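> Sharing a structure with you now.
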Amino acid sequence: MADQNVWYRIPPTPRVILPAVAAAFTVGGLFFHLVRNKKIFGGSIPRTLTPEWEDATDLKMHAWPREASEHPVAINPIRRENFYVRTDNRYEEHEIRRSIGKKAEKL
Numbered sequence: 001m002a003d004q005n006v007w008y009r010i011p012p013t014p015r016v017i018l019p020a021v022a023a024a025f026t027v028g029g030l031f032f033h034l035v036r037n038k039k040i041f042g043g044s045i046p047r048t049l050t051p052e053w054e055d056a057t058d059l060k061m062h063a064w065p066r067e068a069s070e071h072p073v074a075i076n077p078i079r080r081e082n083f084y085v086r087t088d089n090r091y092e093e094h095e096i097r098r099s100i101g102k103k104a105e106k107l
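Under UniProt numbering, the residues of the sequence shown are numbered 1 to 107, in order.
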């Protein structure tokens, strides 16, 4: 009958280091969560980290006049992902839809 414990076959170095690294990550993650989300040292979330503030900032960014191009420029196209580039180097915006399960949600 084979022994079910495989730890005796592993050299002592990984046998000691791997649990220690896992424990360190666990303690670090727990401490990060307590400080960042539970605010154990006090403080509050800044009022600039709200969806309304983000939308207003985004509108302000896109309202600025663009320089150095006669064509409109898509600002941060990777994040926005709501434009088509046409053959004449202009872009058209379209609605963003994300599929969540079987429904599509309009953003």
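Cβ coordinates follow ideal geometry from the N, Cα and C atoms, glycine included.
Here the structure is a predicted model, which is why all the values come from computation and not from measurement.
(1) Taking 8 Å as the threshold (C-beta atoms), are I40 and L34 in contact?
(2) What three-state label does DSSP hand L49 in the structure shown?
(3) Give me the Cα-Cα distance between G28 and A63, rounded to the nearest whole angstrom.
(4) Tell me, please, whether the CB atom of T13 is closer than 8 Å to any CB atom in chain C?
(5) For the alpha helix (DSSP H) containing residue 112, name the first residue and the last one.
(6) What separation, rounded to the nearest whole angstrom, lies between the Cα atoms of L30 and N37?
(7) Excluding the five sequence neighbours on either side, which residues of its own chain have a C-beta within less than 6 Å of the C-beta of N5, listed in chain order?
Concretely, from the data shown:
(1) Yes, Cβ-Cβ distance for L34 and I40 is below 8 Å.
(2) L49 falls in the coil class under three-state DSSP.
(3) C-alpha separation (whole angstroms): 42 Å.
(4) The structure shown contains no chain C; it is built from a single protein chain.
(5) A query on residue 112 cannot be resolved here, the shown segment of the chain reaching from 1 to 107 and no further.
(6) Cα to Cα, L30 sits roughly 10 Å from N37.
(7) Once the five neighbours on either side are set aside, N5 has no close Cβ partner at all.
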